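Numbering (full-length UniProt numbering), first residue to last: 1 to 146.
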Amino acid sequence: MTLQRMDNVGIVVEDLDAAVAFFTELGLELEGAAHIDGSFADQAVGLDGIRSDIAMMRTPDGNAKLELARYHTPPAIRSGPEAPPPNTVGLHRVMFAVDDIDDTIARLRPHGAELLGQVAQYKDVYRLCYLRGPSGIIVALAERIG
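Structure below.
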(Lines of atoms letter the chains of each structure in order from A; the text may use other names.)
(Lines give C-alpha, C1' and ligand atoms only; values in the text may rest on other atoms or scores of the structure.)
Protein backbone atom coordinates (compact mmCIF):
# COMPACT_ATOMS: atom_id res chain seq x y z
CA MET A 1 0.00 0.00 0.00
CA THR A 2 1.30 3.47 -0.94
CA LEU A 3 0.57 6.78 0.69
CA GLN A 4 -1.49 8.86 -1.74
CA ARG A 5 -1.12 12.36 -0.27
CA MET A 6 -1.48 14.42 2.87
CA ASP A 7 -5.18 15.27 2.85
CA ASN A 8 -5.39 18.08 5.43
CA VAL A 9 -4.20 19.50 8.72
CA GLY A 10 -6.86 19.79 11.42
CA ILE A 11 -6.92 22.72 13.82
CA VAL A 12 -9.37 23.12 16.70
CA VAL A 13 -10.50 26.72 17.15
CA GLU A 14 -12.66 28.60 19.63
CA ASP A 15 -14.40 30.85 17.08
CA LEU A 16 -14.97 29.14 13.74
CA ASP A 17 -16.28 32.25 11.96
CA ALA A 18 -13.25 34.29 13.04
CA ALA A 19 -10.86 31.54 11.92
CA VAL A 20 -12.59 31.24 8.53
CA ALA A 21 -12.41 35.03 8.08
CA PHE A 22 -8.70 35.03 9.01
CA PHE A 23 -7.73 32.26 6.61
CA THR A 24 -9.96 33.68 3.86
CA GLU A 25 -8.14 37.01 4.20
CA LEU A 26 -4.86 35.11 3.98
CA GLY A 27 -6.03 33.70 0.64
CA LEU A 28 -7.46 30.27 1.41
CA GLU A 29 -10.84 29.41 -0.05
CA LEU A 30 -13.75 27.90 1.87
CA GLU A 31 -14.31 24.52 0.23
CA GLY A 32 -17.21 23.52 2.46
CA ALA A 33 -18.65 23.47 5.95
CA ALA A 34 -20.54 20.82 7.90
CA HIS A 35 -22.00 19.92 11.26
CA ILE A 36 -20.47 16.69 12.56
CA ASP A 37 -22.07 14.40 15.15
CA GLY A 38 -23.23 10.82 15.69
CA SER A 39 -21.65 7.45 16.25
CA PHE A 40 -19.45 7.74 13.15
CA ALA A 41 -17.74 10.82 14.60
CA ASP A 42 -17.47 9.28 18.08
CA GLN A 43 -15.88 6.11 16.68
CA ALA A 44 -13.47 7.88 14.30
CA VAL A 45 -12.21 10.44 16.82
CA GLY A 46 -12.42 8.34 19.99
CA LEU A 47 -14.61 10.73 21.99
CA ASP A 48 -18.20 10.29 23.13
CA GLY A 49 -21.03 12.67 22.23
CA ILE A 50 -19.24 14.69 19.57
CA ARG A 51 -21.04 17.70 18.21
CA SER A 52 -18.83 19.98 16.14
CA ASP A 53 -18.82 22.30 13.18
CA ILE A 54 -16.04 22.17 10.62
CA ALA A 55 -14.89 24.34 7.74
CA MET A 56 -12.56 22.97 5.08
CA MET A 57 -10.23 25.62 3.69
CA ARG A 58 -8.02 25.01 0.64
CA THR A 59 -5.08 26.85 -0.84
CA PRO A 60 -5.66 28.54 -4.22
CA ASP A 61 -3.64 25.82 -6.00
CA GLY A 62 -5.86 23.13 -4.45
CA ASN A 63 -2.89 21.14 -3.12
CA ALA A 64 -3.27 21.81 0.61
CA LYS A 65 -6.18 22.03 3.03
CA LEU A 66 -6.88 23.10 6.60
CA GLU A 67 -9.81 21.61 8.47
CA LEU A 68 -10.94 24.09 11.11
CA ALA A 69 -13.10 22.54 13.85
CA ARG A 70 -15.20 24.09 16.62
CA TYR A 71 -16.21 21.52 19.26
CA HIS A 72 -19.51 22.09 21.06
CA THR A 73 -19.40 18.76 22.93
CA PRO A 74 -17.25 17.59 24.41
CA PRO A 75 -15.89 21.10 24.82
CA ALA A 76 -12.43 21.86 23.49
CA ILE A 77 -9.69 21.90 26.10
CA ARG A 78 -6.46 23.80 26.31
CA SER A 79 -3.25 22.10 27.28
CA GLY A 80 -0.41 24.24 28.42
CA PRO A 81 -0.11 28.01 28.26
CA GLU A 82 -2.75 30.23 26.63
CA ALA A 83 -0.35 31.22 23.85
CA PRO A 84 2.35 28.55 23.62
CA PRO A 85 5.70 29.66 22.21
CA PRO A 86 6.97 28.38 18.85
CA ASN A 87 9.22 25.78 20.53
CA THR A 88 6.31 23.93 22.20
CA VAL A 89 6.27 20.17 21.52
CA GLY A 90 3.49 19.17 19.13
CA LEU A 91 2.08 20.77 16.03
CA HIS A 92 4.45 23.68 15.57
CA ARG A 93 2.93 26.01 12.99
CA VAL A 94 1.40 26.25 9.54
CA MET A 95 3.49 28.07 6.90
CA PHE A 96 2.22 29.76 3.76
CA ALA A 97 4.12 31.21 0.81
CA VAL A 98 2.86 34.71 -0.03
CA ASP A 99 3.60 37.25 -2.76
CA ASP A 100 3.87 40.28 -0.44
CA ILE A 101 4.54 39.63 3.24
CA ASP A 102 3.99 43.24 4.34
CA ASP A 103 0.60 43.46 2.60
CA THR A 104 -0.43 40.08 4.02
CA ILE A 105 0.43 41.12 7.57
CA ALA A 106 -1.47 44.40 7.13
CA ARG A 107 -4.56 42.54 5.88
CA LEU A 108 -4.43 40.00 8.73
CA ARG A 109 -3.96 42.50 11.58
CA PRO A 110 -7.68 43.49 11.62
CA HIS A 111 -8.38 39.77 12.11
CA GLY A 112 -6.24 39.67 15.26
CA ALA A 113 -2.88 38.68 13.79
CA GLU A 114 0.10 39.67 15.92
CA LEU A 115 3.75 39.30 14.92
CA LEU A 116 5.73 37.10 17.32
CA GLY A 117 8.98 38.79 16.36
CA GLN A 118 9.62 40.75 13.23
CA VAL A 119 9.92 40.17 9.51
CA ALA A 120 13.39 38.75 8.99
CA GLN A 121 15.38 38.24 5.84
CA TYR A 122 17.18 34.95 5.14
CA LYS A 123 20.07 35.77 2.83
CA ASP A 124 18.79 37.02 -0.53
CA VAL A 125 16.21 34.24 -0.70
CA TYR A 126 13.26 34.78 1.68
CA ARG A 127 11.57 37.24 4.00
CA LEU A 128 9.95 35.30 6.85
CA CYS A 129 7.86 35.90 9.94
CA TYR A 130 5.76 34.11 12.53
CA LEU A 131 2.46 35.56 13.68
CA ARG A 132 -0.25 34.43 16.02
CA GLY A 133 -3.72 34.06 14.56
CA PRO A 134 -7.12 32.98 15.88
CA SER A 135 -7.19 30.62 18.88
CA GLY A 136 -3.43 31.12 19.27
CA ILE A 137 -2.55 29.37 15.99
CA ILE A 138 1.00 30.16 14.89
CA VAL A 139 1.10 31.01 11.19
CA ALA A 140 4.39 31.51 9.39
CA LEU A 141 4.66 33.54 6.20
CA ALA A 142 7.40 33.30 3.59
CA GLU A 143 7.98 35.68 0.70
CA ARG A 144 10.52 34.51 -1.87
CA ILE A 145 12.73 37.45 -2.86
CA GLY A 146 15.57 35.77 -4.69
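Glycine included, every Cβ here is placed at the ideal spot set by N, Cα and C.
As the structure is a computational prediction, the values presented were derived from the model and not from experiment.
Using beta-carbon positions only, say whether residue i and residue j come within less than 8 Å of one another.
i    : j    : result
F23  : M56  : no
D42  : R70  : no
R144 : Y126 : yes
L115 : P86  : no
L30  : F96  : no
T59  : L28  : yes
D61  : R51  : no
L128 : A120 : yes
Per DSSP, which residues does residue i bridge with? Please list them.
i    : result
A106 : Its beta-bridge partners do not exist; DSSP assigns none.
V9   : L66
L3   : Beta-bridge pairing links L3 to no other residue.
L115 : L131
Compute the beta-carbon to beta-carbon distance between residue i and residue j, rounded to the nearest angstrom, for a pair I have assumed lies under 8 Å.
i           : j    : result
L141        : V98  : 5 Å
A113        : G133 : 6 Å
L68         : L16  : 6 Å
residue 148 : V9   : A query on residue 148 cannot be resolved here, the shown segment of the chain reaching from 1 to 146 and no further.
G49         : T73  : 5 Å
V13         : A19  : 4 Å
Specify, as a first and last residue, the run of the beta strand (DSSP E) that residue i falls within.
i    : result
V98  : Neither: V98 is in no beta strand (DSSP E) and is coded neither H nor E.
R144 : I138 to R144
G128 : The sequence given here places Leu at residue 128; Gly does not occur at that position. Here the beta strand (DSSP E) through L128 covers Y126 to R132.
A120 : A120 to Y122
Worksheet item: Which parts of the stretch 13–88 are runs of the alpha helix (DSSP H), unbroken and 4 residues or longer, counting only runs that do not cross its ends?
Response: You should have 16–26 and 39–45.
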